[in-house]
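First residue of the sequence shown? That's 1 in the UniProt record's numbering, and the numbers climb one at a time after it. Here a beta-carbon is modelled for each residue, glycine too, at the ideal position from N, C-alpha and C. A short worksheet on the structure shown next.
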Amino acid sequence: MGIEIGGQIEKVNGKELCYNEFAERYLAKNQPVVLTGLMDDWRACRDWKTDNGYPNLQFFSTHFGKSKVQVADCGTREFTDQKRVEMTVSEFIEHWVEGSSNSLLYLKDWHFVKEYPEYVAYRTPLLFCDDWLNLYLDHYRMHKDPDTNQENDDITCSDYRFVYMGAKGSWTPLHADVFRSYSWSANVCGKKKWLFLSPSQCHLVFDRNLKSTVYNIFDDVSETKFPDFKKAVWLECIQDKNEIIFVPSGWYHQVHNLHQDCRRPITQLRRRKSLHDLHTGKRIGNGRLHDGLSMLEGDPGSSISHACFRENKDVNQEIIQ
């Protein structure tokens with residue numbers, strides 16, 4: 001069963017967009033957008049990829065190789081997500097370099113900022129600086145993680161800043177971000193394909209009992225179980241290196257790495273008193289710096305991305321009203 005593409009996500013120069021314009025054109029209207037020109041001075045863009053644009057896997061193995069991370073097996077479904085296994089970054093990179101045909105692995109939800117607070121991989125763009133979720137979590141200890149490789153033991157709380165790394169063909173199943181937050185995802189290297197579904201159509205991807213959603217929109221989706229799926233009209237987006245995508249609240253999306261990818265997503269919470277004061281907030285629930293960082297080796301299109309922003313949908317609707 002094919003899907004219907006109804007349009008493309010708008011792409012604008014982030015340097016020419018002030019905060020109020022972003023808030024009124026995209027945040028208040030709950031519309032996704034791709035922003036360019038906001039990653040030029042990032043350390044990640046220097047360290048995480050080679051001069052010819054490939055993911056710098058050796059750098060990760062040398063500097064962060066001992067970190068324990070969650071890795072998804074893109075070919076194995078487990079309940080509503082992909083099966084996860086734990087390994088070190090070095091083990092993940094070794095698997096990547098060997099190019100094993102047995103499984104396609106995707107490093108996800110790596111709490112990189114929490115684990116390496118002294119390594120400033122990026123500077124949050126002004127458009128996304130209002131981050132209530134991570135601001136709270138950064139100041140309150142939620143739990144201790146004795147197994148994480150932290151130089152600063154004071155950073156013990158959870159957060160929603162993530163790095164994703166994945167080879168060509170790795171992907172993330174259809175989902176809407178946790179807590180229906182807003183997020184932003186920056187692609188350091190590689191290229192990604194996003195498929196978005198507006199919140200006004202999200203009911204179309206649920207089964208007839210409204211209990212589960214379609215896992216992979218490119219599968220042969222059962223019309224008996226998902227009778228309205230074929231009515232969905234999707235927006236498509238190709239995210240290139242050094243581009244940031246803003247993912248609004250409640251938008252279901254599925255993401256595929258077209259080339260090696262490294263990215264970093266952040267989830268945020270935001271609120272404003274008036275439309276004039278409306279600003280972006282940090283993610284309250286998703287792991288991607290999403291979704292994190294994704295990388296592929298051996299392909300000029302390999303990508304690294306960082307998702308950094310999410311906001312609560314109900315709060316946003318209240319603000320707009």
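With DSSP run on the structure shown, which of helix, strand or coil describes residue i?
i: cysteine 202; result: helix
i: glutamate 86; result: strand
i: glutamine 58; result: helix
i: tyrosine 106; result: strand
i: alanine 44; result: helix
i: histidine 279; result: No answer about histidine 279 holds up, because its pLDDT of 29 lies below 50 and its placement is not dependable.
i: tyrosine 122; result: coil
i: leucine 197; result: strand
i: glycine 37; result: coil
i: serine 274; result: Summary for serine 274: the model assigns pLDDT 28, below 50, so the residue's position carries little reliability; its value from the coordinates is reported in the next sentence. Coil at serine 274, not helix or strand.
i: leucine 127; result: helix
i: histidine 256; result: strand
i: lysine 68; result: strand
i: isoleucine 238; result: strand
i: arginine 208; result: coil
i: glutamate 223; result: coil
Measure the Cβ-Cβ separation of residue i and residue j and say whether it is below 9 angstroms.
i: serine 170; j: alanine 72; result: yes
i: glycine 37; j: cysteine 189; result: no
i: tryptophan 96; j: alanine 167; result: yes
i: alanine 176; j: arginine 264; result: no
i: glutamine 82; j: threonine 172; result: yes
i: phenylalanine 229; j: valine 205; result: yes
i: tyrosine 215; j: arginine 123; result: no
i: asparagine 30; j: tryptophan 251; result: yes
Rounded to whole angstroms, what's the CA-CA distance from residue i to residue j? Just pull it up for me.
i: alanine 23; j: phenylalanine 246; result: 12 angstroms
i: glycine 2; j: phenylalanine 59; result: 40 angstroms
i: lysine 15; j: isoleucine 244; result: 12 angstroms
i: lysine 211; j: valine 89; result: 35 angstroms
i: glutamate 94; j: asparagine 209; result: 43 angstroms
i: cysteine 45; j: proline 227; result: 44 angstroms
i: glycine 6; j: valine 233; result: 6 angstroms
i: aspartate 41; j: serine 222; result: 47 angstroms
i: phenylalanine 113; j: histidine 253; result: Here residue 113 is valine; the residue named in the question, phenylalanine, does not match the sequence. For valine 113 and histidine 253, the distance between alpha carbons rounds to 25 angstroms.
i: arginine 84; j: asparagine 20; result: 40 angstroms
i: aspartate 220; j: aspartate 47; result: 41 angstroms
i: valine 34; j: glutamate 86; result: 32 angstroms
i: cysteine 74; j: tyrosine 26; result: 32 angstroms
i: methionine 165; j: cysteine 18; result: 31 angstroms
i: leucine 126; j: arginine 161; result: 16 angstroms
i: cysteine 262; j: serine 61; result: 14 angstroms
i: valine 12; j: lysine 66; result: 38 angstroms
i: serine 249; j: histidine 63; result: 35 angstroms
i: valine 315; j: proline 32; result: Its pLDDT being 37, under 50, valine 315 is placed unreliably in this model, and the value from its coordinates should be taken loosely. Distance between the alpha carbons of valine 315 and proline 32 is about 18 angstroms.
i: valine 178; j: alanine 186; result: 18 angstroms
i: phenylalanine 92; j: valine 163; result: 14 angstroms
i: glutamine 8; j: proline 117; result: 36 angstroms
i: lysine 241; j: glutamate 4; result: 26 angstroms
i: glutamate 10; j: histidine 203; result: 24 angstroms
Which term fits residue i, buried or exposed, when burial requires 16 or more other beta carbons within 10 angstroms of its beta carbon?
i: lysine 282; result: With a pLDDT of only 35 at lysine 282, under 50, the local geometry of the prediction cannot be trusted, and no value is derived from it.
i: histidine 259; result: buried
i: isoleucine 217; result: buried
i: glutamate 115; result: buried
i: lysine 231; result: exposed
i: aspartate 51; result: exposed
i: phenylalanine 79; result: exposed
i: asparagine 102; result: exposed
i: serine 100; result: exposed
i: methionine 295; result: Note that methionine 295 scores 36 on pLDDT, short of 50, meaning its location in the model is unreliable; the coordinates nonetheless yield the value given after this. With 16 or more other Cβ atoms within 10 Å, it is buried.
For a test of your reading of the model: does the CB of residue i fall under 8 angstroms from any non-hydrogen atom of the ligand ATP? Yes or no.
i: leucine 210; result: Absent from the structure shown: the ligand ATP. Ligands present: none.
contact_flag[the stretch 97 to 117, the stretch 68 to 86] where n(CB pairs < 8 angstroms) is 3 or more: yes
Does the stretch 237 to 246 come into contact with the stretch 198 to 215, if we say contact requires no fewer than three beta-carbon pairs (one atom in each stretch) closer than 8 angstroms? no
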